[in-house]
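Colleague:
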Amino acid sequence: MSYTINRVIEDADFEAVDERTRKALADHSFGVLTEIDVQGTMKKKLDNDMAGYRILGACNPAMAWEAIGVEPRVGAMLPCNVILREVAEGIEVSAVDPVSSMSGIDNPELTKIAGEVRDRLAVVVEAI
Numbered sequence: 001m002s003y004t005i006n007r008v009i010e011d012a013d014f015e016a017v018d019e020r021t022r023k024a025l026a027d028h029s030f031g032v033l034t035e036i037d038v039q040g041t042m043k044k045k046l047d048n049d050m051a052g053y054r055i056l057g058a059c060n061p062a063m064a065w066e067a068i069g070v071e072p073r074v075g076a077m078l079p080c081n082v083i084l085r086e087v088a089e090g091i092e093v094s095a096v097d098p099v100s101s102m103s104g105i106d107n108p109e110l111t112k113i114a115g116e117v118r119d120r121l122a123v124v125v126e127a128i
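The numbers in the sequence shown follow full-length UniProt numbering, run straight up by one, and end at 128.
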């Protein structure tokens, strides 16, 4: 089982794909709660150079509310991360598969919610 939902946007600008990703998330009721510039952090903290790499912490508030309602500690696994990274072919977008990431939690109600979130994130990734 793959733990991410992936798509490569060929011959694309990193910032343009970032903008498209945020729009697709917003169009499907996800907000970006956090942003981590991994490339910048690695340069600043370790003086290591790397290709563009950004983590967006995306959240659909209604789905998060539902998940926390059936499994109060699931917040330790939120938000749903979406990464953008430069690869040889262009910009790869990868969204976490919540079913995979939450598979260690034995709660059928949560598994159902995670499946709904996975389906929504797959639509988001395809829409970018």
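Here a beta-carbon is modelled for each residue, glycine too, at the ideal position from N, C-alpha and C.
Between which two residues does the alpha helix (DSSP H) carrying residue 70 extend?
Modeller: Here residue 70 is taken as the residue at index 70 of the sequence shown, counted from 1. It spans 61–70 - the alpha helix (DSSP H) in which residue 70 sits, taken as one unbroken run.
Colleague: Ends of the beta strand (DSSP E) at residue 78?
Modeller: Position 78 of the sequence shown, counting from 1, holds the residue named residue 78. Note, residue 78: premise wrong, no beta strand (DSSP E); not H, not E.
Colleague: Keeping to the same chain, check which residues put their C-beta closer than 7 Å to that of residue 23; ignore five residues upstream and five downstream.
Modeller: On the sequence shown, residue 23 is found 23 positions in, with the first residue counted as 1. Nothing listed; no residue qualifies.
Colleague: Output the boundary residues of the alpha helix (DSSP H) element that contains residue 103.
Modeller: For this step, residue 103 is matched to residue 103 along the sequence shown. No alpha helix (DSSP H) contains residue 103, which DSSP labels as neither H nor E.
Colleague: Residue 2: buried (16+ other C-beta within 10 angstroms of its C-beta) or exposed?
Modeller: Numbered from 1 along the sequence shown, position 2 holds the residue referred to as residue 2. Exposed, since its Cβ has fewer than 16 Cβ neighbours within 10 Å.
Colleague: Along the chain, where does the beta strand (DSSP E) that runs through residue 37 open and close?
Modeller: Position 37 of the sequence shown, counted from the start, is the residue given in the question as residue 37. Run containing residue 37: 31–37, per the beta strand (DSSP E) assignment.
Colleague: How do the stretch 64–76 and the stretch 40–49 stand: do at least 3 beta-carbon pairs fall below 8 Å, yes or no?
Modeller: No: the two stretches stay apart, fewer than three of their Cβ pairs being nearer than 8 Å.
Colleague: In whole angstroms, give me the CA-to-CA distance for residue 59 and residue 78.
Modeller: If you number the sequence shown from 1, residue 59 lands on position 59. If you number the sequence shown from 1, residue 78 lands on position 78. Rounded to the nearest angstrom, the two C-alpha atoms are 8 Å apart.
Colleague: What residue does the beta strand (DSSP E) around residue 95 start on, and which one ends it?
Modeller: By 1-based counting over the sequence shown, the position of residue 95 is 95. 90–96 is the span of the beta strand (DSSP E), which, as asked, contains residue 95.
Colleague: Can you tell me which of 118, 86, 16 puts its alpha carbon nearest to the alpha carbon of residue 53?
Modeller: Residue mapping note: residue 53 aligns to position 53 of the sequence shown, counting from 1. Looking at the Cα atoms, 86 is the closest of the given residues.
Colleague: Would you mind giving the Cβ-Cβ distance between residue 10 and residue 89, rounded to the nearest angstrom? I have them listed as a contact below 8 Å.
Modeller: Here residue 10 is taken as the residue at index 10 of the sequence shown, counted from 1. Here residue 89 is taken as the residue at index 89 of the sequence shown, counted from 1. At roughly 5 Å, the Cβ-Cβ gap stays under 8 Å, so residue 10 and residue 89 are in contact.
Colleague: Between 104, 81, 110, 27, which lies nearest to residue 4 when the distance is taken from Cα to Cα?
Modeller: Reading the sequence shown from its first residue, position 4 is the one you call residue 4. Closest option to residue 4, Cα to Cα, is 81.
Colleague: Less than 8 Å between the beta carbons of residue 98 and residue 73, yes or no?
Modeller: Counting from one through the sequence shown, the residue named residue 98 turns up at place 98. Counting from one through the sequence shown, the residue named residue 73 turns up at place 73. Cβ atoms of residue 98 and residue 73: not closer than 8 Å.
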